[in-house]
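Asks: In the numbering used here, the protein residues as written are 3 to 297. The beta carbon of each residue, even a glycine, is placed where N, CA and C say it ideally should be. This is the structure, below, for whatever I ask next.
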Ligand SMILES: [Fe+2]
């Protein structure tokens, strides 16, 4: 029987009573997805998944999309992006520095990512949590006049962290290869996104990759985006997951902001951080005929 208990923080739940190896086809994830969309962030402990198990589970959340950072994908499995503090021959095994700032996964591509799912394979001795902010609650708490001002605004996104564009900084976005730099382009996203499954409105992508507002002078656009981002980043909207080995976690990118921690390179076997990450686009397959389109 599925049970939930709150995460350490303002929102999100730990889900008990689910062995993800039993997710054999998308329909078998229906109860889990209902909890996921309601609570925005979920954690399932003590999962023992093969690559094929994890691959199958993530497909229940949406369409897998290989990450733009193609040099950090798991070799032979392009849908999996490695997150790691392990270096081999001087090169990181996965995303090492590049997520330690408030952001929305792949809001800089159209369609954007709708969910991200991770599986913790190795844990560093000191831990390395992911932090989350509830952008539905943050929107709900805005004054009505602000909601009316922003509801129809369109935001310009591209790869990067607008608060730190120094590619040598640990709190900037992951450093790009020369080929990847040539492929960065602008995309337009709503500032207020109505969720594609539950219809709730959320502040979308107001930190990280948002760099302007369509039709607005740059200084005014940045001032508003900063105001909204700082509004989202408050203790009352905050939760976090400090992964244990065997954890699977998922976050709804349409309803949250998140960030990783600045980490240190692994120095021995007890200090290694290795997670598989898959991001998906679109609705879960089980909802495709049932729910209203995204705003
Ligand atoms: Fe991320």
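Give every residue of the same chain whose Cβ lies closer than 6 Å to the Cβ of residue 138, excluding the five residues on either side of it in the sequence, and list them in chain order.
Replies: By one-based count along the chain shown, residue 138 stands at place 136. Around residue 138: 202, 204, 257.
Asks: Compute every distance between the C-beta of residue 107 and the non-hydrogen atoms of ligand 1, then say whether any falls below 7 Å.
Replies: Start at 1 with the first residue of the chain shown, and residue 107 comes out as number 105. Yes; taking the cut-off as 7 Å, the Cβ of residue 107 has a heavy atom of ligand 1 nearer than that.
Asks: Pull the bridge partners of residue 212 from the DSSP assignment, please.
Replies: Here residue 212 corresponds to residue number 210 of the chain shown, with the count starting at 1. Answer by DSSP bridge pairing, in chain order: 159.
Asks: Give me, in chain order, the residues of the same chain whose beta-carbon lies closer than 8 Å to that of residue 15; leave out the 5 immediate sequence neighbours on both sides.
Replies: Taking the first residue of the chain shown as 1, we reach residue 15 at position 13. Once the five neighbours on either side are set aside, the close Cβ partners of residue 15 are 6, 7, 8, 9, 37, 41, 43, 44, 45.
Asks: Could you give the first and the last residue of the continuous beta strand (DSSP E) run that contains residue 242?
Replies: For the purposes of this step, residue 242 is identified with residue 240 of the chain shown, where counting begins at 1. Segment 240–243, the beta strand (DSSP E) holding residue 242.
Asks: Starting from residue 60, trace the alpha helix (DSSP H) both ways and give me its first and last residue.
Replies: Locating residue 60 in the chain shown gives position 58, counting from the first residue. Residues 53–61.
Asks: In angstroms, rounded to a whole number, what distance separates the CA positions of residue 172 and residue 163?
Replies: Locating residue 172 in the chain shown gives position 170, counting from the first residue. Locating residue 163 in the chain shown gives position 161, counting from the first residue. If you take the alpha carbons of residue 172 and residue 163, they lie about 11 Å apart.
Asks: Count the other CB atoms, across all protein chains shown, that sit within 10 Å of the CB of residue 94; report buried if there are 16 or more and exposed otherwise.
Replies: Here residue 94 refers to the residue found at position 92 when the chain shown is read from its first residue. Looking at its Cβ environment, which holds 16 or more other Cβ atoms inside 10 Å, residue 94 is buried.
Asks: Count the other CB atoms within 10 Å of the CB of residue 186; is the residue buried (16 or more) or exposed (fewer)?
Replies: Translated into positions along the chain shown, residue 186 becomes position 184. Counting Cβ neighbours within 10 Å, residue 186 comes out exposed, since fewer than 16 surround it.
Asks: For the alpha helix (DSSP H) holding residue 181, just list the boundary residues, first then last.
Replies: Walking along the chain shown from the start, residue 181 turns up at place 179. Taken as a continuous stretch (DSSP letters only), the alpha helix (DSSP H) holding residue 181 covers 180–184.
Asks: Give the range of the alpha helix (DSSP H) segment to which residue 148 is assigned.
Replies: Reading the chain shown from its first residue, position 146 is the one you call residue 148. Residue 148 -> alpha helix (DSSP H) spans 146–152.
Asks: For ligand 1, I want to know if residue 260 counts as a neighbour, meaning its beta carbon is within less than 7 Å of at least one of the ligand's heavy atoms.
Replies: The residue you call residue 260 lines up with position 258 of the chain shown. Flag set: Cβ of residue 260 near ligand 1.
Asks: Out of 30, 50, 229, which one is the CA nearest neighbour of residue 61?
Replies: Stepping through the chain shown from its first residue, residue 61 is reached at position 59. If we check each option's Cα against that of residue 61, 30 comes out closest.
Asks: Whole angstroms is fine: what's the gap from residue 199's alpha carbon to residue 102's?
Replies: The residue given as residue 199 occupies position 197 in the chain shown. The residue given as residue 102 occupies position 100 in the chain shown. Whole-angstrom Cα-Cα distance: 28 Å.
Asks: So for residue 38, helix, strand or coil by DSSP?
Replies: For the purposes of this step, residue 38 is identified with residue 36 of the chain shown, where counting begins at 1. Reduced to three states, the DSSP call for residue 38 is helix.
Asks: What number of angstroms, rounded off, separates the C-alpha of residue 154 from the C-alpha of residue 289?
Replies: For the purposes of this step, residue 154 is taken as the residue at position 152 of the chain shown. For the purposes of this step, residue 289 is taken as the residue at position 287 of the chain shown. Distance between the alpha carbons of residue 154 and residue 289 is about 26 Å.
Asks: For the stretch 209–217 and the stretch 112–126, state whether three or more C-beta atom pairs, one from each stretch, are separated by less than 8 Å.
Replies: Taking 8 Å as the limit for Cβ pairs, the verdict is that the stretch 112–126 does not touch the stretch 209–217.
Asks: Would you report the Cα separation of residue 297 and residue 191, rounded to the nearest angstrom?
Replies: Counting from one through the chain shown, the residue named residue 297 turns up at place 295. Counting from one through the chain shown, the residue named residue 191 turns up at place 189. Caution applies to residue 297, whose pLDDT of 47 falls short of 50 and renders its modelled position unreliable; the value that the coordinates give is listed next. Residue 297 and residue 191: Cα-Cα distance of roughly 10 Å.
Asks: Go to residue 141, then tell me how far its alpha helix (DSSP H) extends in each direction, as first and last residue.
Replies: Walking along the chain shown from the start, residue 141 turns up at place 139. Residue 141 -> alpha helix (DSSP H) spans 137–142.
Asks: Could you pull out every unbroken beta strand (DSSP E) segment of at least 3 residues lying fully inside the stretch 211–288, listed in chain order?
Replies: The stretch 211–288 contains these whole beta strand (DSSP E) runs: 212–215, 240–243, 250–254, 258–261, 276–283.
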